[in-house]
Each structure stands twice: as structure tokens, then as C-alpha cells.
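Worksheet: the structure to be examined is printed underneath.
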């Protein structure tokens, strides 16, 4: 065994040495790959940083190129080439430095940047490079315009001053003002087209028209233009100023025409510049995203410096363990030799112990094992103690088996009686369930009748409510009629009062007519006294008298009509008062009818509520009856289960009695010491049977005394009481059986085979 242990240790040592070498190699390889990848990472991130800077410088150089900077055009070309080169190396890698292609997620982010650059940036930069000469020529033209626009404006102002001095016509002064307005606008449109400031689109549309119109104005001042309404300037000094204007305008016109001819190219240049300015930030954001994605991929790599440190640390740790194990190996060999010698002595002692235990294996409990000072001494002492305990256990098992058998017979009789009681209880519960079901059906019919009564009462309530509404509407109508009659009565009274005033006025008119008649009579008398001279006046007096008489007759007729109106008015007022009284009485009667209908509605509501309560109570009773019926069915099922359980319990108790008999037989083969054997001999079958019969009779008498005498009383037993009784019986048996210390089932075998197995176990 020592040799085998040494061989195993040597193998383990060799394995550990191989593991150390493997860990050191893994650490070296890991550091090599980490160093190489760090250089590649630095190179890739350098390309990304340079591309980020170029994405911003492209926009700046493009703007400077549009402004006419020649060096900016060269820088733009360099930026484009460097940006393309960096994108290519970031996507494919660098064969010169062995830079590999980036991971797939980095290439996906990089493809977005390449698409943006390919769709817009590269083409815009190429357009600016292709139009570099045109841009420079345009700026040269703009410089010439800038040189001549100031003198041109000064000459236009001088022309205006001269026209005012010579009191030129309003048309000439007006068109000189137009020239003063057009000159800066032409310069503005030129600057907008060349530099892209302002709105180049508007400048493209307006520069040609404004320039042409300015030329017409110059020619109009020189030669006259009827279509513009401009007269030629006759003043020599003004003509000299116009000559200067024509010279300056000629220079400007040449350059404006050149710029106008290149306006399409200029607009495309400005659009390309705007595109580069717009794409600059998106390119920068895309490159930053590529850079961050690449940095995240660095953390996900299989090789990292941490793994190298781990491998190296493990190698050093295992190497230290190897050194420690080597130092302890010599002491271990010495201890193993001593242990081998001790094991041989222990094996001999164990074999002696197994020889003494041979008879114990055959069931002989009289054996006493020899206790020595060897390693088996404590084991022998424990075995002697276990044999003593086993003797007591066998005696206890014999006694317990007898008591279990007697108790099982008594419990089986009780379970059989309980099964009969459960069956009778089940039949009684079935009858009660049927009666409860019939009662539930009757209550259900009462509930349905109550619901129909509720609907009838509800209809009565609705009819009474409708009648009350009709009465209330009638009362409202009568109140309206009463108000209308009262209003009409007031108006008739006011009409009577007005007719009284008319009578007073008629009396006044009648008095005036009488006075007029008297005056006419006096005038006639005076006219007759005057003779021929008063004849004409007499005729007038007669006419006045006749008119006064007609007025008097008319006033008397009006007075008669007024009296008639007053009489009719008084009668109408009296009739209205009678009608008002009738309407008030009718409204009062209608109110009484409405109150009666309200009382009817309240009573109907109360009746409907009572009927609904009756219906609800009936439904609750029907539900309760149904619940009771279901409960009875559950009780019946429980009773059936109890019957089955008691029957099964009786069968199981019979099996328990058989098991107790088998238990007595199983311990009958043990051999006990002489005195105890006489005291604990297994009882004969006759004594056992006699004890069982006596116990059974006592148990049956005790149980029958507690049982009800009449079978009807058995039906009063609830399933819970039956189950409690059975549970008590079974619980008593369980407690009784648990008190027994059951022995393990040891198979008897040949002592020589047991000795051989024990020897193998010791080895």
C-alpha cells in the first residue's frame, strides 16, 4: 500500500509540473497577443481620431475654398484622400502593420459612416476640387467689381448733385435715384453668387435683370429713352460724369456677365459646401460611435492582461505547493511505514473478534465477546452492550406482539359495528336530502310568484306616476289660464277706464259745440243787424251753427257708445272674475287629485318594496335549501367514505393481527440465557388464543355499552364523530406500535462468509 501511495504521489507530482509549464506557456502566449493587440488598437484608434479631425477640417477647408483660398483647395484634396485612406484601413486593416479587420459590429457602424461619406461628402469634395479654377476666376471678377463699385457710386451721387444744380426734370432725378439703388444691389447679387452669402437663388434670378436695367438707364441718360421716359442730359458736366459712369459700369458689366454665365456652377459649388457643412457633424458622430464600439469590443476579447496575470499566479502557486509537498514527502514515508505495522496488528485483532461473533450471527444471544487492549477492545465492549439490549428487545417484542394482537381484534369488531352504523346513516341522509330538495322547489315557486307580483306592483307605480304627471300638467295649464284671465281682466278694466276718459272728452267736445252754436247764433244776429253788409257773414254763421249741431249729435252718439262699452266692460270683468274663481277651484281639485295619486304612488312603491323583500327572502331561502341539499349530499358522500374507511380499517386491523403473529414467530429463533428464557418463553398458541378471546369479549362489551341501542340512534351519529372514533383507535395503535424498538432484518448466513466479508471491510 505504501508503494502504491508513493507511485500515486509521483504521478501527481508529474501532473502538477506539466500544469505549471502549461500555465506559464499560456501566460506568455497571452501577454504576446495582448501586446500585439494593444499596438493594433492604438493604430486603429489613431486612424479613427485622425478621421474625426478630418471630418471637421473638410468643412472648414471647403468654406475657405469657396471663399477663393487656393491653399484651402489643396488641403481639401489632401483631407479627402486621407479620409478615404483611414476609412479603408479601419474597415479592411493594414497589411503593412498586420492590423486585422475590426469585429463585425464595428464594421456595421463603420459602414454607416462610409455610406454618408460616399453619398454626399466625397462627391461634394470632388465637385469643389473640379471647380477650383472657376471659383478663383469668380473671386477675381468679384475683386474687379469691388474696385469699381465705389467710384461708380460716387459718380452716381455726383450726377445727382449736378442734376439738382441744373434743375433737371423730375424723370431724370427719379431715374438717377434708380441707378443709385441698382448699383449696390448688383454688387450684393455678385457677392451672394460668388461667396454663397445671403440667398444665391434670389441673386441668380435678379442679377441679370438689375444689371441690364442699369445699362439701359446709362444709355438713356446719354442718348435718351422714350420707353423709360428718360431724356438725354444736355449739360456738359453731367455728360462728363455719365462718361465716367459708363466706364465703371463697363468694367463691372463684363465681370457680372462672366459671373452670371457661371451661376449654375456657382450654385452647385454652394450646395456642395452646404452639404459638407451639414454632413460634418454626422460624420464626427459616426466616427465617435465607431471608436466607442471598438473600445467595447476590446473588453470582450478572449485574451487580456488579466488572464496572463491569473495564469502566471496559478503557476507560481502550484510551484510553491510542489516545493512544500517535496519537503514533506520524507516524513510522510516514515509515518506510512509505522501506519502499515499498526494496521497489521489491528487486522489480527479484528479477525479474532469476528470469530467470536460467529455464533451471535446465528441468533445466540448468550454470547459474551472478549474485551482486550487492542483496537477492537472498545468494539467488543459495545457489542456486549448491544447484545444485552437485544435480549431485552426480544422479550419486549414477544410481550408487545401479544398485546397488539388482542387490541387489533377488539378494534376490528368496533370498526365493523361503525360500518353498519355508517350505512344506516347514509340511507337516512338520502331521505332527508330528497325532502329538502322538494322544499327548495316549493320555495322557488314562491319566489317566482313574488317576482310576478313585484312586476305588477311596479306597473301600478308607473301608472300612478304617469297620472300624477298628467295632473301636474293640468294644474300648470289651469294656472296659466288663470294668469291669462287675470291679465285679460286687467286689460278690460284699463279699457273701461279709457272709455271713461273718452266720455269726459266727449262731454268737453259737447260743451264746445254748444258754445260754438251760441256763438254762431250771436254772429247771425249781428249779421242780420248789419243788413246787406253782414249777409256773407250770416252764411258763415249758419254753416258754423250747422257744424256745431253735427258735432253735438256726434258727441252724443259717441257718449252712447262709450256707455255701452263701459257696460260690456263691467260685465266682462265680472265674467272674468267668475272664470278665475272656477279655474282656481279646478286647480285646487286637480292638486287634491295629484296628492291622491302621489299617495297611491307611495303606497304602490311600498307594496313593490315589500314584494321585492318577500321575493329576495324567498330566493335566499331557496338558495339556503339548495345549500343544505348540497351539504347533505356532501355528508352522504362523507358517510359513504366513512363506511368504506371503517371496512378498510377492519381489514387492515386483521392484517395487523397477522403481522403481530408473524412478529412473534420472527423472534422465536433467538436463544436467550437460562433464567430469562424461562420468564420470556413465547406463549403457546392456546394461551394466546385464550387471551385474545378474553380481550375481544371485554373490548366488545365496552364498545357495545357505548353504542346506541336503537338503530335510529345510529343515524344521529355524525360522520365527524365516527371519524373521530376511528382516528382515536388508529392513533392508539400507532402510539403503541411506535413504542416498540424494532430490530433490523439481518439475514442469516454462513459464518465463514461473514468472516470473509469482515476481513475485506477491514482491508
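Residue numbers (UniProt numbering): 1 to 763.
The beta-carbon is built from N, C-alpha and C at its ideal position, and this holds for glycine as well.
Under the DSSP definition of a beta bridge, which residues are partnered with residue i?
i	result
residue 193	In DSSP, residue 193 forms no bridge with anything.
residue 99	94
residue 544	Note: residue 544 sits in no beta bridge, so no partner.
residue 230	225
Can you grab the Cα-Cα spacing for the pair residue i / residue j, in whole Å?
i	j	result
residue 291	residue 48	6 Å
residue 88	residue 151	55 Å
residue 757	residue 392	At residue 757 the pLDDT is 49, less than 50, meaning the model places this residue with poor confidence; the figure from the coordinates comes in the next sentence. Distance between the alpha carbons of residue 757 and residue 392 is about 28 Å.
residue 96	residue 149	59 Å
residue 212	residue 268	24 Å
residue 637	residue 613	35 Å
residue 659	residue 335	56 Å
residue 712	residue 435	For residue 712, the pLDDT reaches just 41, beneath the cut-off of 50, and the residue's location in the model is therefore unreliable, leaving the point undetermined.
residue 194	residue 62	14 Å
residue 20	residue 314	8 Å
residue 635	residue 453	37 Å
residue 543	residue 569	38 Å
residue 345	residue 386	25 Å
residue 18	residue 316	13 Å
residue 682	residue 433	The pLDDT assigned to residue 682 is 41, lower than 50, so where the model puts this residue is not dependable; a value taken from the coordinates is nonetheless given after this. Their Cα atoms are separated by approximately 56 Å.
residue 263	residue 117	26 Å
residue 167	residue 175	14 Å
residue 628	residue 643	22 Å
residue 557	residue 519	23 Å
residue 158	residue 185	19 Å
residue 427	residue 462	53 Å
residue 488	residue 576	8 Å
residue 508	residue 562	14 Å
residue 147	residue 208	20 Å
residue 250	residue 200	23 Å
residue 480	residue 549	51 Å
residue 282	residue 59	12 Å
residue 722	residue 440	Confidence is the limiting factor: at residue 722 the pLDDT is only 38, short of 50, which leaves the residue's position unreliable and the question unanswerable from this model.
residue 126	residue 80	9 Å
residue 216	residue 240	18 Å
Which two residues bound the contiguous alpha helix (DSSP H) that contains residue i?
i	result
residue 247	236 to 261
residue 152	132 to 165
residue 78	70 to 92
residue 110	104 to 116
residue 364	Neither: residue 364 is in no alpha helix (DSSP H) and is coded neither H nor E.
residue 764	Coverage of the chain is limited to positions 1 through 763, which leaves residue 764 absent and any answer about it impossible.
Taking the alpha carbon of residue i as the reference point, which residue from the options has its own alpha carbon closest?
i	options	result
residue 469	601, 580 and 118	601
residue 172	195, 228 and 335	228
residue 545	562, 514 and 399	514
residue 496	84, 458, 94 and 574	574
residue 354	337, 383 and 542	383
residue 100	208, 294 and 647	294
residue 137	481, 260, 241 and 471	260
residue 579	526, 616, 620 and 484	484
residue 625	183, 442, 257 and 160	442
residue 204	159, 437, 258 and 71	258
residue 620	407, 411, 144 and 444	444
residue 415	657, 651 and 106	651
residue 790	201, 366, 160 and 112	The chain is shown from 1 up to 763; residue 790 falls before or after that span and cannot be answered.
residue 42	648, 102 and 427	102
residue 90	592, 187, 79 and 51	51
residue 113	235, 287, 16 and 273	287
residue 662	189, 397 and 84	397
residue 67	192, 583 and 14	192
residue 475	446, 559, 588 and 493	588
residue 505	188, 490, 551 and 379	551
To the nearest whole angstrom, what separates the beta carbons of residue i and residue j, a pair I think is in contact under 8 Å?
i	j	result
residue 238	residue 163	7 Å
residue 132	residue 276	So it is not a contact: roughly 15 Å between Cβ atoms.
residue 464	residue 604	5 Å
residue 255	residue 144	5 Å
residue 646	residue 418	4 Å
residue 499	residue 565	5 Å
residue 656	residue 408	5 Å
Could one say the Cβ of residue i lies closer than 7 Å to chain C's Cβ atoms, at least one of them?
i	result
residue 14	Judged by its chain identifiers, the structure shown contains no chain C, having just a single protein chain.
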